[in-house]
DNA sequence: CTCGACCGATACCCTGGTGATATGGATCAT
DNA sequence: ATGATCCATATCACCAGGGTATCGGTCGAG
């Protein structure tokens, strides 16, 4: 009848995600027997069966699924408490801005120049790392490209531009003026979309997503094509790579996002500054120089 | 650099709220020295000073205030995980409805009669207990009277009616047909409003709020007056107590509320049922029988 | 059908985290 | 000056929580 400890939740989440006590124990850096015991004690404590163990596999009960969902939320909240507190204790207060390098549509220098409320610390994370950083309190505000999971966040759009396809300049499709998604079907590497659960096994090392240089190398030799917002295309314009509009491709919106219940004046001022800078920036309405470079 | 445990957060919240290690330890059912050590270790772990100890008082640093806020949220999320899981493990699924007895405007029987998705378990709590029950997962849905703290909740209004003042029939003010708030200033017991932090010491035992019978006894002998929604007045109409409208008193709205991110079909159906029942119920537009009983 | 591989549970041991007691040192009220 | 108050330190004890060895049940290969 005692209180739950985060250790119990971490253990359960590991087992539930791995569906395997041995791997979960390995991931947690411990042996399997104490983990089994911890899960059994947790079930006793809650008075609920969480897992169905056949000697061959482990499956979640409905109650177990509930706990998995809720425990993720709770662990996130605990991590947030720690991260926010660590940050609040720094003697030099700062605004922590999470973004992916080159995904700022060129606005970043102007925003940083115009924002003088606090010093800004940049957290340059890879693809999809901005969202968790906002959620667990490592970042105060983030620049992200739509679409993203907006639950728990407030956001304001900054600037919108078309998405283009990047392909080898030598690609036969590059000769066409108009492309459709169907023309490009099957040409994308599986990394093209965020890693989902049940991520299908890619042909080679799935652990490390490709960085920009790697991606553009593959594009240049015709191994893949890539969808990307116009501001990224602009930054990576080079001979050997052609950018073309695609009819059905939704435009991308660069967005500033922050935790929903943030009442920080520094964040609010940053958002206003970013919006003002975005308004003063020319929209992406002329693709001619990019699609037809000299 | 390890993970935070809820035990550490509970300890810190106790100390921060009591501003006193001894009382906090007592509240936690432990001795003071291990509590002091736990807080010191927590500060080491976070690398942040949380409390300023003079040998006379304990005060929060800004980082400590941050942790207090965040830890409350995190502890709530952990409690929610446990409560929701316990509930999901019950073999008889049920909808848990939190409300205060008599605060249903007479809708409850009709709602329960019309709602057939799940059996309904009533959680009859005292004043202000509905909100925490929703937040920590003990209840799926609640009936509450506006105003209440809507953060983290979704809600739909059911029925609106005026608030009245209840006073002794013998009270000189009962002879008047029109009352204003100023006429009643200072006549309310301090229990009239929810307990805030820094709750001023009431004249007698502050621990247990008064129940309805106690309140109406005090009203009947002229010791206090009371503001209450018309549906409560209706239920407690009796000789010896007079109900009068008060000009500036905002009307009350009986509301059905549920956790914001609930995607439960059972809750959604309950809300629809409650709204339909409320629409079919006569509004409170004729106060004559209540104010001028036979 | 049999045997080996796999996987979770059980039994048992041991260490360190967590709690208790005793006491010190600092501050404030009288 | 002296006692009261209150947090920190020192020290001890216990068991919660982690490790190793092993068991028992299930599935698949041959």
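Residue numbers (full-length UniProt numbering), protein chains in the order written: chain A, 1 to 294; chain B, 1 to 294. Every residue gets a Cβ at the ideal spot worked out from N, C-alpha and C, and that includes glycine. Given the structure is predicted, the values throughout are model-derived calculations rather than measurements.
In three-state terms, what does DSSP make of residue i?
i	result
residue 279 of chain B	helix
residue 141 of chain B	strand
residue 11 of chain A	helix
residue 106 of chain A	coil
residue 295 of chain A	Lying outside 1 to 294, the shown extent of chain A, residue 295 of chain A is not represented and no answer is given.
residue 273 of chain A	helix
residue 41 of chain A	helix
residue 225 of chain A	coil
residue 161 of chain B	strand
residue 235 of chain B	helix
residue 251 of chain B	coil
residue 4 of chain B	coil
residue 244 of chain B	strand
residue 74 of chain A	helix
residue 21 of chain B	helix
residue 125 of chain B	coil
residue 47 of chain A	coil
residue 31 of chain B	coil
residue 150 of chain A	coil
Any idea if residue i is buried or exposed, counting beta-carbon neighbours within 10 angstroms, 16 or more meaning buried?
i	result
residue 229 of chain B	buried
residue 207 of chain A	Because the pLDDT at residue 207 of chain A is just 43, under 50, the model does not fix this residue reliably, and the point stays unresolved.
residue 19 of chain B	exposed
residue 90 of chain B	exposed
residue 246 of chain B	buried
residue 227 of chain B	buried
residue 225 of chain A	buried
residue 197 of chain B	At residue 197 of chain B the pLDDT is 33, less than 50, meaning the model places this residue with poor confidence and gives no usable figure here.
residue 214 of chain A	exposed
residue 127 of chain B	exposed
residue 177 of chain B	exposed
residue 124 of chain A	exposed
residue 43 of chain A	buried
residue 47 of chain A	exposed
residue 113 of chain B	exposed
residue 66 of chain B	buried
Taking the alpha-carbon positions, what's the residue i to residue j distance?
i	j	result
residue 272 of chain B	residue 155 of chain B	11 Å
residue 88 of chain A	residue 38 of chain A	34 Å
residue 194 of chain B	residue 283 of chain A	With a pLDDT of 39 at residue 194 of chain B, under the threshold of 50, the modelled position of this residue cannot be trusted; read the value that follows with caution. Cα to Cα, residue 194 of chain B sits roughly 52 Å from residue 283 of chain A.
residue 94 of chain A	residue 181 of chain B	47 Å
residue 270 of chain A	residue 138 of chain A	17 Å
residue 105 of chain B	residue 275 of chain B	13 Å
residue 5 of chain B	residue 5 of chain A	6 Å
residue 243 of chain B	residue 117 of chain B	39 Å
residue 49 of chain B	residue 96 of chain A	21 Å
residue 253 of chain B	residue 23 of chain B	40 Å
residue 102 of chain A	residue 59 of chain B	44 Å
residue 29 of chain B	residue 13 of chain B	14 Å
residue 266 of chain B	residue 151 of chain A	22 Å
residue 168 of chain A	residue 83 of chain B	56 Å
residue 130 of chain A	residue 256 of chain A	11 Å
residue 149 of chain A	residue 119 of chain A	28 Å
residue 218 of chain B	residue 241 of chain B	10 Å
residue 31 of chain B	residue 133 of chain B	30 Å
residue 173 of chain A	residue 164 of chain A	13 Å
residue 110 of chain A	residue 158 of chain A	13 Å
residue 21 of chain B	residue 146 of chain B	37 Å
residue 11 of chain B	residue 35 of chain B	7 Å
residue 281 of chain B	residue 262 of chain A	40 Å
residue 15 of chain B	residue 57 of chain B	11 Å
Check the DSSP bridge columns for residue i and list the partner residues they point to.
i	result
residue 120 of chain A	A:95
residue 256 of chain A	A:143 and A:156
residue 52 of chain B	B:59
residue 179 of chain A	A:246
Going along the chain, which residues of the stretch 53-69 of chain B sit with their C-beta nearer than 7 Å to a C-beta in chain A?
-> Listed in sequence order: 62, 63, 66 and 67.
Residues of the stretch 71-97 of chain B with Cβ closer than 7 Å to any Cβ of chain A, in chain order = Here the close residues are 71, 73, 74, 77, 78, 80, 81, 82, 84, 85, 86, 88 and 89.
May I ask you to list, following chain order, the residues of the UniProt domain "HTH lysR-type" (4-61) of chain A that have a beta carbon less than 8 Å from some beta carbon of chain B?
-> Of all residues in the UniProt domain "HTH lysR-type" (4-61) of chain A, 4, 5, 6, 7, 9, 10, 46, 47, 48, 49, 50 and 61 have a Cβ within less than 8 Å of some Cβ in chain B.
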